[in-house]
Amino acid sequence: MHKASKEMKKILPQVDLIIEVLDARIPFSSQNPMLAELRGDKPCIKVLNKIDLADPELTALWQSHLEQDINVKTLTMNARHNDRIADLIALALSMVPGKVQGVKNVQTMIMGIPNVGKSTLINSLAGRQIAKTGNEPAITKMQQRIKLDKGIVLHDTPGVLWPNLENPHSGYRLAITGAIKETAIDNDDIALYAVEYLLDAYPDLLKQRFGLSEIPESGMDALEVIGTKRGCLRSGGRVDLERVAKIILTEIRAGTLGLISWEKPDIIEREWAEVLVV
Ligand code: G4P
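Quick note on numbering: our numbering labels position 181 of the sequence shown as 1229, and the sequence is numbered without any gaps.
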């Protein structure tokens, strides 16, 4: 992170516009904390990616929240499809008005924590496979700079940018959505956090997906009922929590429960207040 920060400081003065890729399901937790600090008042497009997995109502809420910063515009996207690439380029050009019409290249820097879909977006922007994609962090491999159509130059961010883990809830949300694969938190703890949130925010989606006759009273009850239904039993008939946790997390990450977002702007504000008190 230190190296990335130093190199970013070096590149930033040459950059007209920043494109930050976020996971639309967790726009706060998928941010890199260094960016806000280093960006100053440079224009920034926050791409809310993986829109095909996120709750559209909460995404709209996040868009207005993020755009309270006058230097920020947001764009929703499914980077696996190319249908918003022209919109992204048009927005980028509109945010750096002095450089339009090919008079001078617009220098942009693209950044994002691992797994938000940065490489997928770079490939869509370039119209060819130049960045390696996959679900393991830190495997973006592209040349440092590429020239796109319409006079846009794209600089990749050097190094790996980590998310902000100061808010303990962010660690859970990054693990639930699959941004972080290896964590110190056990799968059953992550799945318990996930079902507790789902019981509160999306109980019907949980009920429908796992064919529950009623909404369980607690997260533990939900794990037990789902584990029994899915045959995750140890000898003696006790539910194997690790196995049911894996099933639940795999289904959540694949989006089979429906469109779900894992944080709201007002929840984050409350959580920050708690972090600051501690
Ligand atoms: P990164 O450079 O930020 O680390 O992320 P990358 O593009 O490698 O994307 C990480 C995973 O997220 C990839 O899945 C990619 O296909 C997926 N992804 C990217 N954008 C979107 C999106 O808008 N919606 C959804 N649903 N998924 C998206 P993968 O299964 O690991 O790799 P692959 O099999 O697609 O190559």
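We put the CB at the ideal spot given by N, CA and C, even for glycine.
Note that the structure is predicted; figures quoted are calculated from it, not measured.
Contact between G1160 and L1070 holds: CB atoms are separated by about 7 Å, below the 8 Å threshold. A residue is called buried once 16 or more other Cβ atoms fall within 10 Å of its Cβ, and K1195, having fewer, is exposed. In terms of Cβ geometry, I1295 and I1274 form a close pair [threshold 9 Å].
Annotation: I1263 is outside any beta strand (DSSP E) and is labelled neither H nor E by DSSP. If you look at K1166, you'll find it in the alpha helix (DSSP H) that goes K1166 to A1174. Close CB contacts of M1143 within its chain, under the 6 Å cut and outside five residues either way in sequence, are with L1065 and P1091 (chain order). At a Cβ-Cβ threshold of 9 Å, V1292 and A1242 do not count as neighbours. Taking C-beta separations shorter than 7 Å and ignoring five residues to either side along the sequence, the partners of L1307 in its chain run L1101, A1102, D1103 and P1104, following chain order. For V1323, same chain residues with a beta-carbon under 7 Å away, outside a window of 5 residues either side, are E1214 and N1215 in chain order.
Between W1310 and R1221 a beta carbon distance of about 5 Å is seen, short of the 8 Å cut, so the two are scored as contacting.
Under the criterion of beta carbons closer than 8 Å, L1136 and P1075 do not qualify as touching, at roughly 17 Å. Counting along the chain, H1113 sits inside the alpha helix (DSSP H) bounded by residues P1104 to L1114. Short of 6 Å from the beta carbon of D1236, and not among the five residues preceding or following it, lie these beta carbons of its own chain, in chain order: L1289, E1290 and A1293.
Relative to the non-hydrogen atoms of the ligand G4P, the Cβ of D1100 comes within a distance shorter than 8 Å of at least one. For I1158, the beta-bridge partners assigned by DSSP are I1067 and D1204. According to the DSSP assignment, K1255 belongs to no beta strand (DSSP E) but to the alpha helix (DSSP H) extending over P1251 to R1257. Excluding the 5 residues flanking it on each side, S1172 has same chain C-beta neighbours closer than 7 Å at A1127, N1130 and I1133, in chain order. Here DSSP, grouped into helix, strand and coil, assigns N1235 to helix. Taking the Cβ atoms as the reference, L1209 lies roughly 6 Å from A1052, within the contact range of under 8 Å.
Ranked by Cα distance from R1073, the options V1095, D1089 and G1088 are led by V1095. When secondary structure is reduced to three states using DSSP, R1193 falls in the strand class. Per DSSP, L1289 lies in no beta strand (DSSP E) segment; the continuous alpha helix (DSSP H) that holds it begins and ends at L1289 to A1302. In the assembly as shown, E1068 is a buried residue. Its beta-carbon has 16 or more other beta-carbons within 10 Å.
In the DSSP assignment, I1315 forms no beta bridge with any residue.
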